[in-house]
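A.B. asks:
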Amino acid sequence: MRDFLESFTGFRTRYYRSDTGKQSQQFLLGQVRQVAASDKSLGITVREFAHPWGQNSIIARIEPAHDAKNQSEAVVILGAHQDSTNLLPFLSAPGADDDASGTTSSLSAFTALVESGFRPSHAPVEFHWYSAEEGGLLGSQAVAQDYAKRGVKVRSMLQMDMTAYVKPGTSPTIGIIQDFVDPAFTEYLTRVVDEYAEIPAVKTQCGYACSDHASWSKVGAPSAFTIESTFEDSDKNIHSSRDTIDQDGYSLDHVKQFARVAIALAVELGGGASVVA
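Numbering-wise (my numbering), the sequence shown opens with residue 584 and increments by one.
Shown next as structure tokens:
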């Protein structure tokens, strides 16, 4: 996990229009493909979703087992954004928390599922790593609009954005955003955190459509958003050269808690669990 983070944040910037933004995307694509190829019997597909600005989104799909009964076409999506930015564009943008952390939580969950030989028994599970979130949710909007246009049904979409920072002097929590989300899926997500994470859930608000889940809400798909803490206690070093893995409060253990939640959602919803209690 740390090795990946060091490499991924080692690009000067992952800004979606930059050369290193494209290079970092290709690096991430290689990591995802390597994991998928480790068990070819699972038939995992990995593809780039092309964007005109150069940095593409990445989609990995795990199909249900061939003998699965009562299969659903509605896909379970677990997402994060791969790009970074600096409010002062001439400075570096390591984006260790925003959102290399969510990218790592998602990649770790994907890796663990593949290593376990996981195949969903009911619905396909997709992992998405979006381009250009910092440009205004551009990558996820393009993907969501494409799915809507093609009639792809979406069972749920979870966004993991900023999953590493624990403010010094506070206890670790998993923030569950309450605004611009699907209420039923968000309540279900809270129960999943209570059941599978080793730290408690806490309700919080963003105040605006602050990450890629909003692109899916816009096309009518049930979406939810997890963040590292309450919004008030979240990392204030984002969008700066200070957003590094060495900053005080950056916790790999915290990143792992979000991976646990992603794994649980993949298994439960991929297995046909109901979001209604």
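In this text, a Cβ means the ideal position worked out from N, Cα and C, and glycines have one as well.
Is it true that the CB of Val844 sits closer than 8 Å to the CB of Tyr779?
C.D. replies: As a first step, residue 779 is located in the sequence shown; it is residue number 196 there, counting from the start. As a first step, residue 844 is located in the sequence shown; it is residue number 261 there, counting from the start. Going by C-beta atoms, Tyr779 is nearer than 8 Å to Val844.
A.B. asks: What is the residue span of the alpha helix (DSSP H) that His822 lies within?
C.D. replies: Working through the sequence shown from its first residue, we reach residue 822 at position 239. Counting along the chain, His822 falls outside any alpha helix (DSSP H), and DSSP gives it neither H nor E.
A.B. asks: Hey, would you say Phe610 sits closer than 8 Å to Phe632, going by beta carbons?
C.D. replies: Here residue 610 is taken as the residue at index 27 of the sequence shown, counted from 1. Here residue 632 is taken as the residue at index 49 of the sequence shown, counted from 1. Not a contact, by the Cβ cut-off of 8 Å.
A.B. asks: The beta strand (DSSP E) with Leu741 in it runs from where to where?
C.D. replies: By one-based count along the sequence shown, residue 741 stands at place 158. Unbroken beta strand (DSSP E) run through Leu741: Val737 to Met743.
A.B. asks: Mark Arg733 as exposed unless 16 or more other C-beta atoms lie within 10 angstroms of its C-beta, in which case mark it buried.
C.D. replies: Position 150 of the sequence shown, counted from the start, is the residue given in the question as residue 733. With fewer than 16 Cβ atoms within 10 Å of its Cβ, Arg733 is classed as exposed.
A.B. asks: Quick check for students: name the residue ranges of the alpha helix (DSSP H) that lie wholly in the stretch 677–726, counting only runs of 4 or more.
C.D. replies: The stretch 677–726 contains these whole alpha helix (DSSP H) runs: 685–698.
A.B. asks: What runs of the beta strand (DSSP E), each 3 residues or longer, lie entirely inside the stretch 618–675?
C.D. replies: Counting whole runs of 3 or more residues, the stretch 618–675 contains the beta strand (DSSP E) stretches 628–632, 640–645 and 658–664.
A.B. asks: DSSP has Tyr833 in a bridge; who is on the other side?
C.D. replies: Translated into positions along the sequence shown, residue 833 becomes position 250. Its beta-bridge partners are Tyr748.
A.B. asks: Taking the alpha-carbon positions, what's the Gly853 to Gln617 distance?
C.D. replies: Translated into positions along the sequence shown, residue 853 becomes position 270. Translated into positions along the sequence shown, residue 617 becomes position 34. So the two alpha carbons sit approximately 23 Å from each other.
A.B. asks: What whole-angstrom Cβ distance do Val697 and Leu625 have, given they're in contact under 8 Å?
C.D. replies: On the sequence shown, position 114 is the one that residue 697 refers to. On the sequence shown, position 42 is the one that residue 625 refers to. Indeed they touch by this definition, with Cβ atoms about 7 Å apart.
A.B. asks: Ignore the nearest five residues each way along the sequence and tell me which others in Thr787's own chain have a CB closer than 8 Å to its CB.
C.D. replies: Within the sequence shown, residue 787 is the residue found at index 204, counting from 1. Excluding positions up to five away in sequence, the list reads Gly758, Ile759, Ile760, Gln761, Ile810, Ser812, Thr813, Phe814 and Glu815.
A.B. asks: For a quick check, are the C-beta atoms of Ala679 and Leu612 less than 8 Å apart?
C.D. replies: Taking the sequence shown and counting its residues from 1, one reaches residue 679 at position 96. Taking the sequence shown and counting its residues from 1, one reaches residue 612 at position 29. Not a contact, by the Cβ cut-off of 8 Å.
A.B. asks: My assumption, with CB atoms under 8 Å, is that Val775 sits in contact with Leu848. Please give the rounded CB distance.
C.D. replies: Within the sequence shown, residue 775 is the residue found at index 192, counting from 1. Within the sequence shown, residue 848 is the residue found at index 265, counting from 1. Yes, Val775 and Leu848 are in contact; Cβ-Cβ is about 6 Å, under 8 Å.
A.B. asks: Name the DSSP bridge partner or partners of Ser800?
C.D. replies: Counting from 1 along the sequence shown, the entry for residue 800 is found at position 217. Note: Ser800 sits in no beta bridge, so no partner.
A.B. asks: Looking at C-alpha atoms only, which residue of Ser800, Val737 and Tyr713 is the closest neighbour of Asp666?
C.D. replies: For the purposes of this step, residue 666 is identified with residue 83 of the sequence shown, where counting begins at 1. Among Ser800, Val737 and Tyr713, the Cα nearest to that of Asp666 is on Tyr713.
A.B. asks: I need the straight-line Cα distance from Lys750 to Tyr791, nearest angstrom please.
C.D. replies: Sequence index remark: in the sequence shown, residue 750 carries index 167 (1-based). Sequence index remark: in the sequence shown, residue 791 carries index 208 (1-based). Straight-line Cα distance between these residues: approximately 22 Å.
A.B. asks: With distances taken between CB atoms, is the gap from Val615 to Ile641 smaller than 8 Å?
C.D. replies: Translated into the one-based positions of the sequence shown, residue 615 becomes position 32. Translated into the one-based positions of the sequence shown, residue 641 becomes position 58. In contact: Val615 and Ile641 (Cβ atoms closer than 8 Å).
A.B. asks: Please give the ranges of any alpha helix (DSSP H) in the stretch 755–791, keeping only runs that are unbroken, at least 4 residues long and fully inside the region.
C.D. replies: Counting whole runs of 4 or more residues, the stretch 755–791 contains the alpha helix (DSSP H) stretches 766–779.
A.B. asks: Name the residue from Ala767, Ser817, Gln840 and Phe841 whose alpha carbon lies nearest to the alpha carbon of Gly832.
C.D. replies: The residue given as residue 832 occupies position 249 in the sequence shown. Comparing Cα-Cα distances from Gly832 to each of Ala767, Ser817, Gln840 and Phe841, the minimum goes to Ser817.
A.B. asks: For my contact list, Leu720 and Ser798 are in at a C-beta cut-off of 8 Å; report their separation, rounded to the angstrom.
C.D. replies: Working through the sequence shown from its first residue, we reach residue 720 at position 137. Working through the sequence shown from its first residue, we reach residue 798 at position 215. At roughly 5 Å, the Cβ-Cβ gap stays under 8 Å, so Leu720 and Ser798 are in contact.
A.B. asks: Would you mind giving the Cβ-Cβ distance between Ser675 and Ser824, rounded to the nearest angstrom? I have them listed as a contact below 8 Å.
C.D. replies: Position 92 of the sequence shown, counting from 1, holds the residue named residue 675. Position 241 of the sequence shown, counting from 1, holds the residue named residue 824. Yes, they are in contact, since the Cβ atoms of Ser675 and Ser824 sit about 5 Å apart, within 8 Å.
A.B. asks: Name the DSSP bridge partner or partners of Ser806?
C.D. replies: Here residue 806 corresponds to residue number 223 of the sequence shown, with the count starting at 1. Answer by DSSP bridge pairing, in chain order: Met740.
A.B. asks: Leaving aside the five residues before and after Pro805 along the sequence, list all residues of the same chain whose C-beta is less than 6 Å from its C-beta, in chain order.
C.D. replies: Position 222 of the sequence shown, counted from the first residue, corresponds to residue 805. Closer than 6 Å at Cβ, skipping near neighbours: Ser739, Asp765 and Phe768.
A.B. asks: Let's test the definition: count the other Cβ atoms within 10 Å of the Cβ of Phe693 and tell me whether it reaches 16, buried, or not, exposed.
C.D. replies: Residue 693 sits at position 110 when you count from the first residue of the sequence shown. Buried.
A.B. asks: Can you look up Thr603 in the DSSP assignment and give me helix, strand or coil?
C.D. replies: In the sequence shown, counting from the first residue as 1, residue 603 sits at position 20. Here Thr603 sits in helix by DSSP.
A.B. asks: Rank Gln654, Ala727 and Val658 by C-alpha distance to the C-alpha of Gly803 and give the top, closest one.
C.D. replies: One-based indexing of the sequence shown puts residue 803 at position 220. Ranking Gln654, Ala727 and Val658 by Cα distance to Gly803 puts Ala727 first.
A.B. asks: Are the CB atoms of Gln840 and Glu781 nearer to each other than 8 Å?
C.D. replies: Counting from one through the sequence shown, the residue named residue 840 turns up at place 257. Counting from one through the sequence shown, the residue named residue 781 turns up at place 198. Yes, these two residues count as a Cβ contact at 8 Å.
A.B. asks: Do Ser688 and Val850 count as a contact pair if the criterion is CB distance below 8 Å?
C.D. replies: Walking along the sequence shown from the start, residue 850 turns up at place 267. Walking along the sequence shown from the start, residue 688 turns up at place 105. No, the pair does not count as a contact, with Cβ atoms beyond the cut-off.
A.B. asks: For Phe710 and Ala695, what's the separation of their Cα atoms in angstroms?
C.D. replies: One-based indexing of the sequence shown puts residue 710 at position 127. One-based indexing of the sequence shown puts residue 695 at position 112. Approximately 13 Å, taken between the alpha carbons.
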